[in-house]
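One structure is given below, encoded as structure tokens.
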Amino acid sequence: MQVAKKGITIGFKKTAKPIEFYKVCWEVTITESLAMFRDLRRWLKLLLIIIFAGGVVLTAWSLYEEDGRLRHDLFVKAKIAANGIPPAQVQALQGSDADLTSPEYLALKRLMEGITASDEKVRFAYIMGQRDDGTIFFFVDSEPPESEDYSPPGQEYGEATEVVINSFAFQKELTGGPDSDRWGTWVSAMIPLLDPDTGKLIGVYGMDLDARYWYLSLFLAAAPVLLGTLLFLFLVMTFLYISEQKQRETDILDESRRAIQASEERYRLIFNSSPLGIVQIDREGIILAVNRKFADFMGVSVEKLIGFSTLSELMNPGLRAAVQEMLRGKQGYFEGEYTSVLSEKHSILRMLGEPLLNDEGKVYGAISIFEDITERKKTEEALFKANIKLNLLNSITRHDILNQLLALKGFLELSHDHRSNPEKLDNCLSRAVQAANTIERQIGFTKDYQDMGVKAAIWQDLEENLIKAKGGLPVERITIDIKDTNYEIFADPLFEKVFYNLIDNTLKHGGDHVTAIRISARETGEGLEILYQDDGAGIPDSKKKTLFDPVHAGQKGFGMVLTAQILAITGITIIETGIFGKGVQFEIRIPRGGYRRKKSPG
Numbered sequence: 077m078q079v080a081k082k083g084i085t086i087g088f089k090k091t092a093k094p095i096e097f098y099k100v101c102w103e104v105t106i107t108e109s110l111a112m113f114r115d116l117r118r119w120l121k122l123l124l125i126i127i128f129a130g131g132v133v134l135t136a137w138s139l140y141e142e143d144g145r146l147r148h149d150l151f152v153k154a155k156i157a158a159n160g161i162p163p164a165q166v167q168a169l170q171g172s173d174a175d176l177t178s179p180e181y182l183a184l185k186r187l188m189e190g191i192t193a194s195d196e197k198v199r200f201a202y203i204m205g206q207r208d209d210g211t212i213f214f215f216v217d218s219e220p221p222e223s224e225d226y227s228p229p230g231q232e233y234g235e236a237t238e239v240v241i242n243s244f245a246f247q248k249e250l251t252g253g254p255d256s257d258r259w260g261t262w263v264s265a266m267i268p269l270l271d272p273d274t275g276k277l278i279g280v281y282g283m284d285l286d287a288r289y290w291y292l293s294l295f296l297a298a299a300p301v302l303l304g305t306l307l308f309l310f311l312v313m314t315f316l317y318i319s320e321q322k323q324r325e326t327d328i329l330d331e332s333r334r335a336i337q338a339s340e341e342r343y344r345l346i347f348n349s350s351p352l353g354i355v356q357i358d359r360e361g362i363i364l365a366v367n368r369k370f371a372d373f374m375g376v377s378v379e380k381l382i383g384f385s386t387l388s389e390l391m392n393p394g395l396r397a398a399v400q401e402m403l404r405g406k407q408g409y410f411e412g413e414y415t416s417v418l419s420e421k422h423s424i425l426r427m428l429g430e431p432l433l434n435d436e437g438k439v440y441g442a443i444s445i446f447e448d449i450t451e452r453k454k455t456e457e458a459l460f461k462a463n464i465k466l467n468l469l470n471s472i473t474r475h476d477i478l479n480q481l482l483a484l485k486g487f488l489e490l491s492h493d494h495r496s497n498p499e500k501l502d503n504c505l506s507r508a509v510q511a512a513n514t515i516e517r518q519i520g521f522t523k524d525y526q527d528m529g530v531k532a533a534i535w536q537d538l539e540e541n542l543i544k545a546k547g548g549l550p551v552e553r554i555t556i557d558i559k560d561t562n563y564e565i566f567a568d569p570l571f572e573k574v575f576y577n578l579i580d581n582t583l584k585h586g587g588d589h590v591t592a593i594r595i596s597a598r599e600t601g602e603g604l605e606i607l608y609q610d611d612g613a614g615i616p617d618s619k620k621k622t623l624f625d626p627v628h629a630g631q632k633g634f635g636m637v638l639t640a641q642i643l644a645i646t647g648i649t650i651i652e653t654g655i656f657g658k659g660v661q662f663e664i665r666i667p668r669g670g671y672r673r674k675k676s677p678g
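Basically this note's numbering = 1-based index in the sequence shown + 76.
Quick look at the structure:
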């Protein structure tokens, strides 16, 4: 007997057992079924693509149709409302507070309020105008004066959107948006208002719909198609997933196991040998793993860092914020000073971190790398300061001192020519002495400036510095009142020069009638403020901006320049706020942490 199936011929004797026949038939059936199943999967995948593409097209078409319908409805509403606005009343408005009591404004105000009251979907109704310089402003709106969204007549609309600008520019009836301004996000219709006699633009009527209603309407229009598409996709994909899952499970597991092993080996190698610090945390911010380099940065062992909570125990706000960013699924970055809470080791670190996401895109932790940039920052800062010093010293030696030497040489040559004229000779010699004194001051400044910042800042007694400063100057004719200065200031060792220069400035430029200097200190919400005041001539407003600029130091010397830069070393600022003709007032502002109350003796 012969059995033929799909090109396969099976033969057996009549005496063969019947089970052999059924076995062969079963094998043939399985082969055919597998072939049919593969064909079915291909057709199902093609069906998925067709359903998805059709769903996208239908959804887009639904959104387009609904958007057009909504815009048409809004346009019709705005057009009808605009037709009810009397042009004469708009022309009577001035766009200022004077409109508030005019009958035309009040009538239009009631009209705008009636429009929004009659249609809950309309959030704002308003009329705008445009000034000759192009500024767009409100004539009247629908909000009551007590509303926080109220726009008084004449209020400028600096956030004018493209649809508003184009409506004024081209006198066209337009819809636009969604656009955002200070009041929210809106879809708007703009209807130009024209003078019926001249056709001239007298304003633009606007009507706003809340964009949330707009989005909701679009969503509801697209929802049936979208949900239907998703349902079909879900059913087909579910069938495919179930049918293929068992076949793929073993292969996926084996492949995943091999990939994980290889990835772990690579990660372990990078982790242990990296010259950068590496930290891994879980989704609660708890440290799971760190390498030796990071432990060195923190000044503790690896074991002490495991289990450390970066969210609750980390004191640095900048670094904590970077960790929070990573746990929110964003990249984390930090660069700045850091003091370890475990060892109090201080360094400047740079951190770059990325969130770790599972297959569902959810954050289950984060990994970050750290670099110690302390030495590099110190080098950069030292180089920056050195360049500033070199540039200024170079300017003084090559430009200012050279100019004074030329002047000195000129006066000496003139004095030689005027030997027979005592009066002119005396004048030339006096001018030469002035030039020499200027050179002396400039050279003295270069020495002080060169020493500035060389030694570390220290805590200094404010009152002692004031006493030393005035002790080196001829202040016999001036009363110096020092009040509430019981503080220590963290500043450069040249801090005494600050008050020396301020008092010297008063003596030289305060005028003949200066009689008193007042120095006091007071604590403010931002830190400590030291006030230096005198009753001299004061400083003209035109010179205040360049008072501390080395480029404009000129003949009056570099005392103020040196003063500002000595203070800046520890973050202290100085400004002049006096009134010209009534004396100077320098405000020295010391940030929190840069001052402290002087300890009482014993």
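Ideal Cβ placement from N, Cα and C applies to all residues, glycine included.
Query raised in the report: Name the DSSP beta bridge partners of Ala365, please?
Result: Paired residues: Gln356.
Query - Coil, strand or helix - Glu103 by DSSP - result: Confidence at Glu103 is low in this model, with a pLDDT of 47, below 50, so the placement of that residue should be treated as unreliable; the coordinate-derived value is given next. Helix, per DSSP.
**Report entry** With 16 other Cβ atoms within 10 Å as the buried cut-off, status of Asn751
**Finding:** As displayed, the chain neither begins before 77 nor continues past 678, which places residue 751 out of reach and without an answer.
Query raised in the report: By the 10 Å Cβ neighbour count, where 16 or more other Cβ atoms means buried, how is Gln78 classified, buried or exposed?
Result: The predicted position of Gln78 is uncertain, since its pLDDT is 41 and thus under 50; a value taken from the coordinates is nonetheless stated next. Per the 10 Å Cβ criterion, exposed.
Query raised in the report: To which residues does DSSP link Tyr576 through a beta bridge?
Result: BP columns for Tyr576 are empty, so no partner.
Query - C-alpha distance - Ile357 paired with Leu329, whole-angstrom precision - result: Their backbone Cα atoms lie some 26 Å apart in a straight line.
Query raised in the report: Which parts of the stretch 174-201 are runs of the alpha helix (DSSP H), unbroken and 4 residues or longer, counting only runs that do not cross its ends?
Result: 179-194
Query raised in the report: Can you tell which of Asp568, Thr600 and Glu652 has the C-alpha that lies nearest to the C-alpha of Gln609?
Result: Glu652
**Report entry** Strand pairing of Lys559, partner residues [DSSP]
**Finding:** Ser596
Query raised in the report: Which runs of the alpha helix (DSSP H) fall wholly inside the stretch 244-268 and span at least 4 residues, in chain order?
Result: Entirely contained in the stretch 244-268, not one alpha helix (DSSP H) run reaches 4 residues.
Query raised in the report: Excluding five sequence neighbours on each side, which residues of the same chain lie with their C-beta closer than 6 Å to the C-beta of Leu490?
Result: Closer than 6 Å at Cβ, skipping near neighbours: Cys504.
Query raised in the report: Is Glu652 helix, strand or coil by DSSP?
Result: strand
**Report entry** the stretch 637-645 contacting the stretch 611-619, beta-carbon criterion three pairs below 8 Å
**Finding:** no
Query raised in the report: What are the boundary residues of the alpha helix (DSSP H) that Ile543 is part of?
Result: Where Ile543 is concerned, the enclosing alpha helix (DSSP H) stretches over Leu538 to Gly547.
Query raised in the report: From what residue to what residue does the beta strand (DSSP E) around Thr639 run?
Result: No beta strand (DSSP E) contains Thr639, which is instead part of the alpha helix (DSSP H) from Gly635 to Ala644.
Query raised in the report: Given Lys674, which residues of its chain have a CB within under 7 Å of its CB, disregarding the five upstream and five downstream residues?
Result: Spatial neighbours of Lys674 in its own chain (CB-CB distance under 7 Å, excluding positions within 5 residues in sequence) are listed in chain order as Asp537, Asn562, Tyr563 and Glu564.
Query - Beta-carbon proximity list for Trp102, same chain, < 6 Å, skipping 5 on both sides - result: Legend: pLDDT at Trp102 = 45, less than 50; position of this residue unreliable, no value from coordinates given.
Query raised in the report: Start and end of the beta strand (DSSP E) containing Asp610?
Result: Asp610 -> beta strand (DSSP E) spans Gly603 to Asp610.
Requested in this report: Starting from His422, follow its DSSP beta bridges and name the residues at the other end.
Outcome: Thr415
Query - Same chain, Cβ closer than 7 Å to Arg507, neighbours up to 5 away in sequence not counted - result: Phe487
**Report entry** CA-to-CA distance, Glu224 to Ser256, given in whole angstroms
**Finding:** Roughly 17 Å separates the two Cα atoms.
**Report entry** Bridge partner(s) assigned by DSSP for Glu232
**Finding:** Phe213
Requested in this report: Would you kindly work out how many angstroms separate the C-alpha atoms of Ile443 and Val239, rounded to a whole number?
Outcome: 47 Å
Query raised in the report: To which residues does DSSP link Ala442 through a beta bridge?
Result: In the DSSP assignment, Ala442 is bridged to Ile357 and Pro431.
Query raised in the report: Do the stretch 429-437 and the stretch 396-410 touch if we need at least three Cβ pairs shorter than 8 Å?
Result: yes
**Report entry** Buried versus exposed call for Met391 [16 or more other C-beta atoms within 10 Å across all chains shown]
**Finding:** exposed
Requested in this report: Please name the residue in Pro268, Glu663, Ala168 and Ile278 whose C-alpha comes closest to that of Gln247.
Outcome: Pro268
**Report entry** As assigned by DSSP and simplified to three states, the class of Ile449
**Finding:** coil
Query raised in the report: In whole angstroms, what separates the C-alpha of Thr211 from that of Arg665?
Result: 41 Å
Requested in this report: Look at Ile424 and Tyr281 and say whether their C-beta atoms are less than 8 Å apart.
Outcome: no
Requested in this report: Report yes if the CB atom of Thr192 is closer than 8 Å to the CB atom of Ala201, and no otherwise.
Outcome: yes
Query raised in the report: Is it a yes or a no for the stretch 119-127 touching the stretch 273-292, going by three-plus beta-carbon pairs under 8 Å?
Result: no
**Report entry** Those residues which DSSP pairs with Met204 across a bridge
**Finding:** Phe214 and Val280
Report task. In angstroms with no decimal places, state the Cα-to-Cα distance between Glu539 and Ala567. Result -> 14 Å
Query raised in the report: Going by alpha carbons, who is nearest to Gln407 out of Thr639, Leu395 and Gly205?
Result: Leu395
Query raised in the report: Near Lys89, which residues of its chain fall below 7 Å by C-beta distance, leaving aside the five closest residues on each side in sequence?
Result: For Lys89, the predicted structure reports a pLDDT of 38, less than 50, and the residue's modelled location is therefore unreliable. The matter cannot be settled from this model.
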